[in-house]
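Undergrad: Read in order, the letters of the sequence shown correspond to residues 0 to 234 in numbering that gives the first Met the number 0. Glycine included, every Cβ here is placed at the ideal spot set by N, Cα and C. Nothing here was measured: the structure is a model prediction, and the numbers come from that model. Before we start, here is the structure in question, set down as structure tokens.
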Amino acid sequence: MLIEALAGTASAAGFMAWAVRGRSSRVFGPSVWHGARDRRALALTFDDGPSESTPALLKLLDGLDIRATFFVSGAAVERLPEIARSIAAAGHEIGSHGYSHARLYLRGPAFVTGELERAQEAIGRITGVTPKFYRPAYGCRWFGLEAAQRRCGLTAVMWTVMGRDWKWPAGRVAARLVRGASNGGILCLHDGRELAPRPDIRETVEAVRIAVSELRRRGYRFEPVGELLRAATAP
Ligand SMILES: [Zn+2]
0 MLIEALAGTA SAAGFMAWAV RGRSSRVFGP SVWHGARDRR ALALTFDDGP SESTPALLKL
60 LDGLDIRATF FVSGAAVERL PEIARSIAAA GHEIGSHGYS HARLYLRGPA FVTGELERAQ
120 EAIGRITGVT PKFYRPAYGC RWFGLEAAQR RCGLTAVMWT VMGRDWKWPA GRVAARLVRG
180 ASNGGILCLH DGRELAPRPD IRETVEAVRI AVSELRRRGY RFEPVGELLR AATAP
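As structure tokens, then:
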């Protein structure tokens with residue numbers, strides 16, 4: 000009896016862990032984590048920006064002729080409006096990473112709604128773009144998110160490969176991206192380090208340079224999340 004109760008508790012805890020963090024979970028709102036499996040396409044996505052280091056990444060992507068998706072934080076957009084506008088002006092897709100990079104876990108619905116609405120307002124006012132996609136901070140979803148997403152018109156976007164670029168050297172990050180790549184894959188990297196000012200993202204930039212070269216050799220093309228998903232839902 001005790002063992003059964005413990006087992007029940009363990010599986011309930013396992014379910015909640017998946018519901019909150021699992022990339023395939025839609026428990027707390029509409030969410031996707033990959034595009035069509037029959038197209039040799041990938042989306043590069045960057046979280047935690049804009050930062051003072053974002054322009055170096057924009058320069059690389061421009062040279063590679065790649066359009067990516069940037070999940071920006073509302074607070075960072077307000078701090079660095081010119082850099083935020085330059086992301087959109089370069090043709091990249093702007094998504095939301097929430098306002099303050101707060102973890103939604105255990106927060107009340109008003110807080111959850113505020114994170115999404117304040118971000119939409121700031122991003123829209125400064126870049127002129129109203130995001131359709133939302134990358135939850137720390138990949139963490141919670142109660143109240145579904146209603147907030149619906150109000151803001153946001154679909155959550157998780158990932159097929161997490162680059163771990165905030166802690167690993169470029170070569171190791173690039174190898175992880177290449178090994179994990181698959182048709183319709185969404186690769187998660189960072190042009191900021193949470194919301195720290197003047198982050199060092201040189202390993203991220205170098206990882207992109209290495210990985211893109213190898214992934215193109217393997218036949219992949221790169222497109223923003225919106226295009227990757229449109230292709231997935233097209234007849
Ligand atoms: Zn983040």
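(1) Does the distance from the C-beta atom of residue 116 to that of residue 101 stay below 8 angstroms?
(2) Roughly how many angstroms lie between the CA atoms of residue 78 and residue 96, to the nearest whole one?
(3) Near ligand 1, which residues have their beta-carbon less than 7 angstroms from any of its heavy atoms, given in chain order?
(4) Among the residues of its own chain, which have a CB less than 7 angstroms from the CB of residue 119, if the five just before and after it don't count?
(5) Grab the span of the beta strand (DSSP E) containing residue 235 for me, first residue to last.
(6) What's the C-alpha gap between residue 8 and residue 14?
(7) What number of angstroms, rounded off, separates the C-alpha of residue 163 from the C-alpha of residue 19?
(8) Among the residues of its own chain, which have a CB less than 6 angstroms from the CB of residue 220, if the five just before and after it don't count?
(9) Can you give me the Cβ contacts of residue 169 inside the same chain, cut-off strictly under 7 angstroms, excluding the 5 residues immediately before and after it?
(10) Ignore the nearest five residues each way along the sequence and tell me which others in residue 44's own chain have a CB closer than 8 angstroms to its CB.
(11) Excluding the five sequence neighbours on either side, which residues of its own chain have a C-beta within less than 6 angstroms of the C-beta of residue 183, listed in chain order?
(12) If you scan the stretch 59 to 101 from start to end, which runs of the beta strand (DSSP E) of 3 or more residues do you find wholly inside it?
(13) What separation, rounded to the nearest whole angstrom, lies between the Cα atoms of residue 29 and residue 199?
(14) Identify the residues that DSSP records as bridge partners of residue 30: which are they?
(15) Using CA coordinates, which residue listed in 194, 227 and 99 is at the minimum distance from residue 50?
(16) Considering only residues of the same chain and omitting the five flanking positions on each side of residue 80, which have a CB-CB separation below 6 angstroms?
(17) Which value, in whole angstroms, describes the spacing of the CA atoms of residue 121 and residue 73?
(18) Quickly, what does DSSP pair residue 46 with across the bridge? List them, please.
(19) Could you please give the first and the last residue of the uninterrupted alpha helix (DSSP H) stretch that includes residue 173?
(20) Could you tell me how far apart the beta carbons of residue 140 and residue 103 are, in whole angstroms, since I believe they sit closer than 8 angstroms?
(21) Mark residue 149 as exposed unless 16 or more other C-beta atoms lie within 10 angstroms of its C-beta, in which case mark it buried.
TA: In brief:
(1) no
(2) 15 angstroms
(3) 46, 47, 96, 100, 136, 137, 189 and 193
(4) 95, 129, 130 and 151
(5) A query on residue 235 cannot be resolved here, the shown segment of the chain reaching from 0 to 234 and no further.
(6) 10 angstroms
(7) 20 angstroms
(8) 40
(9) 202, 205, 206 and 209
(10) 67, 68, 69, 70, 94, 134, 156, 158, 185, 186, 187, 188 and 224
(11) 33, 34, 35 and 36
(12) 68 to 71 and 92 to 95
(13) 33 angstroms
(14) 155
(15) 194
(16) 125
(17) 6 angstroms
(18) 70 and 189
(19) 169 to 179
(20) 6 angstroms
(21) exposed
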